[in-house]
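S.K.:
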DNA sequence: TAATCTTTGTGATTTAGTTCACAGACTTTG
DNA sequence: CAAAGTCTGTGAACTAAATCACAAAGATTA
Ligand SMILES: NC(=O)c1ccc[n+]([C@@H]2O[C@H](COP(=O)([O-])OP(=O)(O)OC[C@H]3O[C@@H](n4cnc5c(N)ncnc54)[C@H](O)[C@@H]3O)[C@@H](O)[C@H]2O)c1
Ligand SMILES: NC(=O)c1ccc[n+]([C@@H]2O[C@H](COP(=O)([O-])OP(=O)(O)OC[C@H]3O[C@@H](n4cnc5c(N)ncnc54)[C@H](O)[C@@H]3O)[C@@H](O)[C@H]2O)c1
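Protein chains in written order, with this note's numbering: chain A, 1 to 208; chain B, 209 to 416.
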């Protein structure tokens, strides 16, 4: 990697390239050009090359990228050699959908715990995970080495839950509640605001 | 609105401002400055002013924005005076979570139909919606004036479903499947790639 | 009503990210 | 093996978006 700052968009796209070359490699397709890879991912050839360029030189002039080598290189860059433990807070509809999704494992993500405040839900199994009382969060987070917390509680409880996650030592939060969370700078939060994604579409529907 | 092109990020943030001033207005808080509004939404005061500036002048020097007036102005800008009909394709875990979410209504979004290809699911009620066979899509889309389609089918079926949505005359797609969809330029697609959101977080976990 | 304070609206500046474009590396063809 | 063709890697140019910074408008104070 050269010294330059890597845009977050680049990181996100590397995961797309990774999926694509994994597929290609398993199909025994040996090489691919940046143009073809861009074609398959709806990105430009220049974008593909520039993104990879932040981390080194992986291609061969005149032929392109060796799929299995690029796959290996991306695994190293992206920390794909290990699994990340995740906790879901809020075992409602959305939490249940996430807990039942087997696909995360393929991406090196493992949901290892689920929490709720509603005593009626405690002890129930969702997927392979038994729902625990939210007060166990701190202890379980440490025991199970949980790195990421997903907030799927109602908006009104989200800030409170975020604070509990911070207290439990979790530094990365994926937040599905439609509120702006207030957390220390050291904590990275990503918001997934589904209503807003849809609403934004409607604007373009009106103004096209 | 002045003639300049409005960034998509601005549109998305307007919905955040809208939520906030709705809340403030209902709390009988009469005015708010860009600095305070920014504080509450984790955005800068300059960002707030610039975003609103694309659409006109809504503030008063020295005191700020009148919450109920700004709310009304945003309603107009954002097309909040009407409801948008939405269809969910794929009545599995994620589709079920979306169908059971009552919150969309508050945002002017109404899920009016759900489709699946699995005959075991047809006829079942999820929330208030009965799951229909995917072959009914085209007719129902027209009858119910559906504008937006949400894809919650497995990755392998997503492209096929996207084509059916296009065929049914739907122009806006929210895609949850982790694949790049190939659709005509006139169709607007937004991807919500949950695995990738989480994976992107793990990169920063490794490289901090 | 004058002086002071607050806050907007917006050009100018800065920062970030994408696309261009081409020299040079490697491959293929005849 | 030389000529033509392909494709990478990367500065340079461009585009988009965020932040700055301040004049002007209005509010507040005394
Ligand atoms: N379901 C959707 O499709 C959808 C769509 C858009 C946004 N969201 C957002 O996602 C979040 C979850 O939605 P949902 O449909 O799963 O809601 P839900 O009501 O089905 O589930 C919420 C769960 O959180 C639990 N909970 C409440 N307070 C808690 C606390 N303090 N600690 C621990 N658990 C607590 C509840 O007991 C419940 O089980 C909400 O913020 C919602 O706005 C959901
Ligand atoms: N559940 C999650 O938390 C989660 C997380 C990340 C990504 N996703 C993605 O979201 C999508 C849906 O996930 P899910 O967990 O709800 O899956 P699921 O298997 O529970 O549901 C998929 C549904 O789609 C239906 N289906 C399949 N092919 C179809 C077709 N051609 N036409 C109509 N219906 C069809 C199936 O019958 C099934 O009911 C997948 O692409 C998945 O990768 C889900």
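Glycine included, every Cβ here is placed at the ideal spot set by N, Cα and C.
In its own chain, which residues sit with a C-beta less than 7 Å from the C-beta of residue 403/B, not counting the 5 before and 5 after it?
M.R.: Taking the first residue of the second chain as 1, we reach residue 403/B at position 195. Hits under 7 Å: 386.
S.K.: Using CA atoms only, rank isn't needed, just tell me which of 39/A, 156/A, 143/A, 192/A is closest to residue 170/A.
M.R.: On the first chain, residue 170/A is found 170 positions in, with the first residue counted as 1. Selected option, being the one with the closest Cα: 143/A.
S.K.: List the DSSP bridge partners of residue 398/B.
M.R.: The residue you call residue 398/B lines up with position 190 of the second chain. Looking at the DSSP output, residue 398/B bridges to 382/B.
S.K.: Could you check which residue in 62/A, 67/A, 73/A, 63/A has the C-alpha nearest to that of residue 56/A?
M.R.: Residue mapping note: residue 56/A aligns to position 56 of the first chain, counting from 1. Looking at the Cα atoms, 73/A is the closest of the given residues.
S.K.: Report the rounded CA-to-CA distance for residue 97/A versus residue 271/B, giving the unit in angstroms.
M.R.: If you number the first chain from 1, residue 97/A lands on position 97. If you number the second chain from 1, residue 271/B lands on position 63. About 46 Å.
S.K.: Between residue 152/A and ligand 1, is there a pair consisting of the residue's CB and a ligand heavy atom that are separated by less than 6 Å?
M.R.: Here residue 152/A refers to the residue found at position 152 when the first chain is read from its first residue. Yes, since a heavy atom of ligand 1 falls inside the 6 Å radius drawn around the Cβ of residue 152/A.
S.K.: Do residue 155/B and residue 345/B have their C-beta atoms closer together than 7 Å?
M.R.: Given a span of 209 to 416 for chain B in the structure shown, any question on residue 155/B remains unanswerable.
S.K.: Less than 6 Å separating the Cβ of residue 93/A from some heavy atom of ligand 1?
M.R.: If you number the first chain from 1, residue 93/A lands on position 93. Yes, since a heavy atom of ligand 1 falls inside the 6 Å radius drawn around the Cβ of residue 93/A.
S.K.: Please determine whether the Cβ atom of residue 325/B lies at a distance below 6 Å from any heavy atom of ligand 2.
M.R.: If you number the second chain from 1, residue 325/B lands on position 117. For ligand 2, at least one heavy atom lies less than 6 Å from the Cβ of residue 325/B.
S.K.: Thinking just about the alpha-carbon of each residue, which of 354/B, 262/B, 307/B is nearest to the one in residue 339/B?
M.R.: In the second chain, the residue the question calls residue 339/B occupies position 131. Closest option to residue 339/B, judged by alpha-carbon separation, among 354/B, 262/B, 307/B: 307/B.
S.K.: Can you find a CB in chain B that lies within less than 7 Å of the CB of residue 27/A?
M.R.: Looking up residue 27/A in the first chain gives position 27. Chain B, which has no Cβ nearer than 7 Å to the Cβ of residue 27/A, makes this no.
S.K.: Using DSSP with H/G/I as helix, E/B as strand and the rest coil, what is residue 106/A?
M.R.: Your numbering for residue 106/A matches position 106 in the first chain. Helix at residue 106/A.
S.K.: Of all Cβ atoms in chain A, is any one closer than 7 Å to the Cβ of residue 283/B?
M.R.: Here residue 283/B refers to the residue found at position 75 when the second chain is read from its first residue. Chain A, which has no Cβ nearer than 7 Å to the Cβ of residue 283/B, makes this no.
S.K.: If you measure between the beta carbons of residue 407/B and residue 17/A, is that distance less than 7 Å?
M.R.: Here residue 407/B refers to the residue found at position 199 when the second chain is read from its first residue. Here residue 17/A refers to the residue found at position 17 when the first chain is read from its first residue. No, Cβ-Cβ distance for residue 407/B and residue 17/A is not below 7 Å.
S.K.: Roughly how many angstroms separate the alpha carbons of residue 232/B and residue 87/A, rounded to a whole number?
M.R.: As a working note, residue 232/B is residue 24 in the second chain. As a working note, residue 87/A is residue 87 in the first chain. Distance from the CA atom of residue 232/B to the CA atom of residue 87/A, rounded to whole angstroms, is 33 Å.
S.K.: By DSSP, does residue 267/B sit in helix, in strand, or in coil?
M.R.: Mapped onto the second chain, residue 267/B falls at position 59. It is a strand residue.
S.K.: For residue 380/B and residue 341/B, what's the separation of their Cα atoms in angstroms?
M.R.: Within the second chain, numbered from 1, the residue matching residue 380/B stands at position 172. Within the second chain, numbered from 1, the residue matching residue 341/B stands at position 133. Between residue 380/B and residue 341/B, the C-alpha separation is close to 21 Å.
S.K.: Can you tell me the Cα-Cα spacing of residue 117/A and residue 313/B, whole angstroms?
M.R.: The residue given as residue 117/A occupies position 117 in the first chain. The residue given as residue 313/B occupies position 105 in the second chain. Their backbone Cα atoms lie some 26 Å apart in a straight line.
S.K.: Could you spell out the range, first to last residue, of the alpha helix (DSSP H) harbouring residue 38/A?
M.R.: Reading the first chain from its first residue, position 38 is the one you call residue 38/A. Run containing residue 38/A: 34-41, per the alpha helix (DSSP H) assignment.
S.K.: Which partner residues of residue 89/A appear in the DSSP bridge assignment?
M.R.: Taking the first residue of the first chain as 1, we reach residue 89/A at position 89. Answer is 115/A, 151/A.
S.K.: Between residue 54/A and residue 32/A, is the Cβ-Cβ spacing less than 7 Å?
M.R.: The residue labelled residue 54/A in the question sits at position 54 within the first chain. The residue labelled residue 32/A in the question sits at position 32 within the first chain. Against a cut-off of 7 Å, the Cβ pair of residue 32/A and residue 54/A comes out as no contact.
S.K.: With DSSP as the reference, identify every bridge partner of residue 273/B, one or two as the case may be.
M.R.: Numbered from 1 along the second chain, position 65 holds the residue referred to as residue 273/B. 240/B, 267/B.
S.K.: Of all Cβ atoms in chain B, is any one closer than 7 Å to the Cβ of residue 195/A?
M.R.: Walking along the first chain from the start, residue 195/A turns up at place 195. Closer than 7 Å: yes.
S.K.: Let me see if you follow: with CB-CB separation under 7 Å, is residue 414/B close to chain A or not?
M.R.: For the purposes of this step, residue 414/B is taken as the residue at position 206 of the second chain. Using a Cβ-Cβ cut-off of 7 Å, residue 414/B counts as an interface residue toward chain A, since at least one Cβ of chain A sits closer than that to its own.
S.K.: Among 383/B, 347/B, 286/B, which has the Cα closest to the Cα of residue 363/B?
M.R.: On the second chain, position 155 is the one that residue 363/B refers to. Checking every option, the nearest Cα to that of residue 363/B belongs to 383/B.
S.K.: In this structure, what does DSSP give as the bridge partners for residue 333/B?
M.R.: For this step, residue 333/B is matched to residue 125 along the second chain. DSSP, once it has assigned bridges, lists 338/B as partnering residue 333/B.
S.K.: Taking 6 Å as the line, does the beta carbon of residue 101/A fall inside it for any heavy atom of ligand 2?
M.R.: Counting from 1 along the first chain, the entry for residue 101/A is found at position 101. Residue side-chain check: residue 101/A places its Cβ nearer than 6 Å to a non-hydrogen atom of ligand 2.
S.K.: Ends of the alpha helix (DSSP H) at residue 143/A?
M.R.: Residue numbering aside, residue 143/A sits at position 143 when the first chain is read from its first letter. It spans 137-143 - the alpha helix (DSSP H) in which residue 143/A sits, taken as one unbroken run.
S.K.: Flag this pair as yes or no: are the beta carbons of residue 473/B and residue 242/B separated by less than 7 Å?
M.R.: This structure cannot settle anything about residue 473/B, because the visible part of chain B is limited to 209 through 416.
S.K.: Any heavy atom of ligand 2 closer than 6 Å to the beta-carbon of residue 373/B?
M.R.: Position 165 of the second chain, counted from the start, is the residue given in the question as residue 373/B. False, no ligand heavy atom lies under 6 Å from that Cβ.
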